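K.L.:
Questions regarding the structure given below will be posed in turn.
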Ligand SMILES: NC(=O)c1ccc[n+]([C@@H]2O[C@H](COP(=O)([O-])OP(=O)(O)OC[C@H]3O[C@@H](n4cnc5c(N)ncnc54)[C@H](OP(=O)(O)O)[C@@H]3O)[C@@H](O)[C@H]2O)c1
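In full-length UniProt numbering, the protein residues as written are 1 to 507.
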C-alpha cells in the first residue's frame, strides 16, 4: 500500500481550505462503522467529494463465515457505489479495509496495521456503535464508550492528525428536553462506569444499570453520553467534532432518493405498517418526531471535519444534526405512511394497512390483544394449515418489543439548539464548492420525503422494485373487503355484548 500524505498536514489544510474538496485532498481518512447505514453513506460521499483523497481506511470486523476481504467486497459491490465507480473506477482502489473490532483492546488492530494508520491517517470518523437500545450495560459501555476511549488512544498516536469526528446521537441527553450544543456531564463518571462494567461483577453491573435507567431511557443513549465526555476530555490535543444526529431516515437525494440499508427503528415501523402487521403504536400523536435524511447527516459530518479544523477553540465542537425544517408530528407521519401503503401497496401485504396511535401503555396492551395478538394467532393457524411457515406471531412480538423499547421517544419531544450548525452553514456558503453539500432542510416537503422513503424500503430492503402493481392492488382490495367485514362483525359483537349485559342487569 502506498499512501502519500503531506508532512505538515494541518497548516497545509488551513491554506487550502476554501473548498471541501481542497480540504480532503491528499488526506488519509479512517472510518469506523463503514459497513453500517450511515458509514456506507459517509464512504460514498467521501469518494465523491474528493477524488484526490490519498486513502480511506475502513475498520471492518470479520463476521460468522465471512472474512474482512469478503465483507469488503460485498460492501464495495453495493449498487450505491455504482455511479461513482462508473465515473472514476480507480477511486475504489483508495479504500483499504483494516481488520479490527472496536470492542477489543487496541481496537483488535494488528501492530502492522496500527503503524500504517499512525503514519497515514489525518482525519478520523468514528461511527461504529451498537445501536440496540436495550443492550446490557456492560456491552453498550464496551462497544460505545470504552471503544471511543480506544479510538482516542489511537488518535493520540497519529503523526499528522487534522481532526476527529465522533458520531453520537441527539438523544445522548434524552433526560433533558432542551439540548444545547455542549457536553453535559453525568453524575456517573465514565471511568467509574467503565471500571464497574469491566470488573465482571454481574451484581454490581445490574445494580448500576438499575440506577442509570432511573434517569436515562436506555443503555444506548447513556453509553453515547459517556463517550461524548471522553471525547471532550481530549479536546486540547486536536480539533474534535461531535455530530449528534436525531432519527436517521432514508436519503433525500444521495446516493439516490430513498436509499436505506438497515431495518432499525423507524424503517422497521414504516415497513411493518406497510405490510399490515403493525396496526397500533404507543406514541403521543401530537408529539414531534425529529427525523433527518441520511444524506443530510452525511453532509454535516463531512463539513464538521472541515469546520472544526478551521474554527477551532480548545473545546470540542458539538453539532446537533437535527431537523430545522417545519416539524412533523407522529399523526402526520402515520397518515402519510398509511396513505402511501394503500396507494402503492407492498407485495404480500397481510392486512389492509392502518395504524392507531395510543398514548398510554395500558390502552396499548389492551388494543394490542385485538389488533396484534389475536389476528397473528389466527393468521399463523391459516399459514400452518396451508402448508406455509407461521411467522406473523413472531413478527408481531418483535414489533411489540420494539415499541416498548422506543416508547420513551414517542412520548416526548425535544428542542435542539443549532448555533454551531448554523455557523458552519454560513461559512460553507462562502466556499467555491458549496453546492456539493446540502446542509439545511428548510424547504423540506415531508409528504414527498416519506413517499420516497417508503419506495426506498420496497426497493432496497424488500427488493420489490419489480413487483406486479396490479397483483398487489388486487390483493389489497381483497384485504380491504375482509377488513370491512371484520370491522362490522366486531361492531355487531360489541353491541350485542352490551345489550346482553344490559338485559342481564335490568331483568
Ligand atoms: N440510525 C440512526 O437513527 C442514528 C441516529 C443517531 C445516531 N446514530 C449513530 O450513527 C452511527 C451509525 O449508526 P447506523 O444507523 O449506521 O448503525 P448500523 O447500521 O447498525 O451500523 C453500525 C456500524 O458499527 C459497526 N460496529 C458495531 N460494533 C462494532 C465493533 N465491535 N467493531 C467494529 N465495528 C462495529 C457495525 O459493523 P458490522 O457491520 O460489523 O456490524 C456497523 O458498521 C452510530 O454511532 C449511531 O449511534 C444513528
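From the three backbone atoms N, C-alpha and C, an ideal C-beta is built for every residue, glycine too.
Bear in mind the structure is a predicted one, so any value in this text is a computation, not a measurement.
#1: Could you give the C-beta distance for residue 329 and residue 384, rounded to a whole number, given that I count them as a contact under 8 Å?
#2: Does the structure place the segment 161 to 181 close enough to the segment 206 to 213 that three or more beta carbon pairs sit under 8 Å?
#3: Determine the direct distance from the alpha carbon of residue 185 to that of residue 195, and round the result to whole angstroms.
#4: Let me confirm a value: residue 482 is counted as buried when at least 16 other C-beta atoms fall within 10 Å, else exposed. Which label applies?
#5: Would the C-beta of residue 75 count as close to ligand 1, meaning under 6 Å from any of its heavy atoms?
#6: Between the Cα of residue 26 and those of 46, 33, 32, 42, spot the shortest distance and give me the residue it belongs to.
#7: Could you give the residue range of the alpha helix (DSSP H) that holds residue 320?
#8: Is the segment 214 to 224 touching the segment 259 to 279, taking contact as three or more C-beta pairs under 8 Å?
#9: Would you kindly work out how many angstroms separate the C-alpha atoms of residue 251 and residue 413, rounded to a whole number?
#10: Shorter than 6 Å, the distance from the beta carbon of residue 248 to the closest heavy atom of ligand 1, or not?
#11: Indicate whether the contact test is met: 3 or more Cβ pairs, each with one atom in the segment 31 to 49 and one in the segment 294 to 313, closer than 8 Å.
#12: Between the Cα of residue 49 and those of 73, 255, 345, spot the shortest distance and give me the residue it belongs to.
#13: For ligand 1, is there any heavy atom lying closer than 6 Å to the beta carbon of residue 217?
#14: What is the rounded straight-line gap between the Cα of residue 5 and the Cα of residue 72?
#15: Return the chain-ordered ranges of every alpha helix (DSSP H) run that is complete within the segment 266 to 343 and spans a minimum of 4 residues.
#16: Give every residue of the same chain whose Cβ lies closer than 6 Å to the Cβ of residue 407, excluding the five residues on either side of it in the sequence, and list them in chain order.
#17: Does the distance between the C-beta of residue 594 and the nearest non-hydrogen atom of ligand 1 fall short of 6 Å?
#18: When the Cβ atoms of the segment 112 to 128 are set against those of the segment 196 to 205, are three or more pairs found closer than 8 Å?
#19: Please tell me whether, using a cut-off of 6 Å, the distance from the CB of residue 472 to the nearest non-hydrogen atom of ligand 1 is below it.
#20: Got a sec: does ligand 1 put a non-hydrogen atom nearer than 6 Å to the Cβ of residue 143?
#21: What runs of the alpha helix (DSSP H), each 4 residues or longer, lie entirely inside the segment 73 to 126?
#22: When the distance is taken between beta carbons, is residue 122 closer than 7 Å to residue 162?
#23: Any heavy atom of ligand 3 closer than 6 Å to the Cβ of residue 38?
#24: Determine, using beta-carbon pairs with one atom in the segment 234 to 244 and one in the segment 446 to 457, whether at least three such pairs fall under 8 Å.
#25: Suppose the cutoff is 6 Å on Cβ atoms and the five residues either side in sequence are ignored; what does the same chain contact list for residue 164 look like?
#26: So within the UniProt domain "Fatty acyl-CoA reductase C-terminal" (371 to 464), which uninterrupted alpha helix (DSSP H) runs reach at least 4 residues, ignoring any that extend past its ends?
#27: Comparing C-alpha positions only, which one of 227, 204, 501, 206 sits nearest to residue 190?
#28: How is residue 226 classed by DSSP in three states: helix, strand or coil?
#29: Note down the Cα distance separating residue 269 from residue 402, rounded to an integer number of angstroms.
#30: Measuring straight from C-alpha to C-alpha, what distance separates residue 462 and residue 235?
#31: If I measure Cβ to Cβ from residue 149 and keep anything under 7 Å in the same chain, skipping five residues before and after, which residues do I get?
#32: Need the endpoints of the alpha helix (DSSP H) that residue 496 sits in, please.
#33: To the nearest angstrom, report how far apart residue 506 and residue 374 are at their CA atoms.
#34: If you draw a straight line from the alpha carbon of residue 98 to that of residue 61, how long is it in whole angstroms?
#35: State yes or no: is the C-beta of residue 133 within less than 7 Å of the C-beta of residue 405?
#36: Between residue 388 and ligand 1, is there a pair consisting of the residue's CB and a ligand heavy atom that are separated by less than 6 Å?
P.N.:
Looking at the atomic coordinates:
#1: Not really, about 40 Å apart at Cβ, beyond 8 Å.
#2: no
#3: 18 Å
#4: It is exposed - the Cβ of residue 482 has fewer than 16 other Cβ atoms within 10 Å.
#5: no
#6: Nearest C-alpha to residue 26: 46.
#7: Counting along the chain, residue 320 falls outside any alpha helix (DSSP H), though it belongs to the beta strand (DSSP E) covering 317 to 321.
#8: no
#9: Inter-residue distance for residue 251 and residue 413 is about 23 Å (C-alpha atoms, whole angstroms).
#10: Within the cutoff, so yes.
#11: By the criterion of at least three beta-carbon pairs nearer than 8 Å, the segment 31 to 49 is in contact with the segment 294 to 313.
#12: 255
#13: no
#14: Residue confidence is low: residue 5 scores 47 on pLDDT, short of 50, so the model does not pin down where it sits. Its coordinate-derived value is still stated next. Answer to the nearest angstrom: the Cα atoms are 24 Å apart.
#15: 294 to 310, 330 to 343
#16: 282
#17: As shown, the chain starts at 1 and ends at 507. That puts residue 594 outside it, with no answer to give.
#18: Because the criterion of three Cβ pairs below 8 Å is not met, the segment 112 to 128 and the segment 196 to 205 do not touch.
#19: no
#20: Result yes, Cβ under 6 Å from ligand 1.
#21: Runs of the alpha helix (DSSP H) inside the segment 73 to 126: 82 to 87, 111 to 120.
#22: With respect to the 7 Å criterion, residue 162 and residue 122 are classified as neighbours on the basis of their beta carbons.
#23: In the structure shown, ligand 3 is absent; the only ligands present are ligand 1.
#24: no
#25: 124, 155, 240
#26: 374 to 385, 392 to 411, 419 to 428, 446 to 456
#27: 227
#28: helix
#29: Between residue 269 and residue 402, the C-alpha separation is close to 9 Å.
#30: Each residue's CA atom was taken as its position, placing residue 462 and residue 235 some 43 Å apart.
#31: 230
#32: Segment 469 to 506, the alpha helix (DSSP H) holding residue 496.
#33: 32 Å
#34: 8 Å
#35: yes
#36: no
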